[in-house]
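Only one structure is covered here, and it is reproduced in the block below.
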């Protein structure tokens, strides 16, 4: 059984188009993430959701919008695609991390990644 | 913001030998977690090892172990008895008390030669 799945795995599209990447986890986790890996392999957080609530929204263009219909899903919509959006996008999930004195950090389980190519 | 530095873009090791990958980080927090993730050519991100900062004992997972030096803010990964399947990008990552995101280093590409 796939723990974190993403569709599609490959996406080739033209500049200006709108596209979506879907992510689903069957681990019962409370927290989900989107990371971007650029052409130099650098991984950077884009968004984080906890119990469907947006927690982290890094400096990402407004053209990127995450949507979490339920705890098991976190989709990424990208409008008006640009050449610089070409990258690998990873979805991940983890147990809830808690807050304050009782926070902890659990393993993040990553999806297989979606390679987006904008032409 | 916390920064994670991996100063070795590439490393090479012969099969059955031992290799150490370096990682340093910058933080003002006292409580945090550190991770090593492996990314083989398949692109899948795989957790190798996890270390809690409040634990003085270094984490180990089979052939993988860390040398965690909190005062020096250093977190190196040692791979013993290297195998061809260990060839991959290795990322060091930091998770602080926001708890909600990993800060990654730029990665070290490990080549294993027969």
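Protein chains in written order, with the working numbering: chain S, 300 to 418; chain P, 253 to 366. Glycine included, C-beta positions come from ideal geometry on N, C-alpha and C. This structure is a prediction, so every number in the text was calculated from the model and none was measured.
For residue 342 of chain S, the chain P residues whose C-beta falls within less than 7 Å of its own C-beta are 343 and 356, listed in chain order.
Contact annotation, residue 324 of chain S with residue 413 of chain S: C-beta distance approximately 15 Å; criterion of less than 8 Å not satisfied. A residue is called buried when at least 16 other Cβ atoms come within 10 angstroms of its Cβ; residue 268 of chain P does not meet this threshold and is exposed. In this structure, residue 376 of chain S lies near residue 319 of chain S, with their beta-carbon atoms less than 8 Å apart. Contact annotation: residue 386 of chain S and residue 317 of chain S have beta-carbon atoms that are not nearer than 8 Å. By the 16-neighbour rule on beta-carbons within 10 angstroms, residue 339 of chain S is exposed. When CB distances to chain S are screened at a threshold of 8 Å, not a single residue of the stretch 254-273 of chain P falls below it. Scanning its chain for C-beta atoms nearer than 6 Å, with the 5 sequence neighbours on each side dropped, one finds around residue 262 of chain P the residues 361, in chain order. Taking C-alpha positions only, residue 364 of chain S is separated from residue 293 of chain P by approximately 29 Å.
Boundaries cannot be given for residue 382 of chain S, as no beta strand (DSSP E) includes it and DSSP labels it neither H nor E.
Take the alpha-carbon of residue 381 of chain S and the one of residue 415 of chain S: they are about 11 Å apart.
Secondary structure note for residue 322 of chain S: its beta strand (DSSP E) is the uninterrupted segment 318-324.
Secondary structure note for residue 363 of chain S: its beta strand (DSSP E) is the uninterrupted segment 363-369.
Residue range 340-347 is occupied by the beta strand (DSSP E) that includes residue 346 of chain P. Taking every protein chain shown into account, the CB of residue 418 of chain S has fewer than 16 other CB atoms within 10 angstroms, so this residue is exposed. Residue 316 of chain P: member of the beta strand (DSSP E) spanning 316-321, first to last residue.
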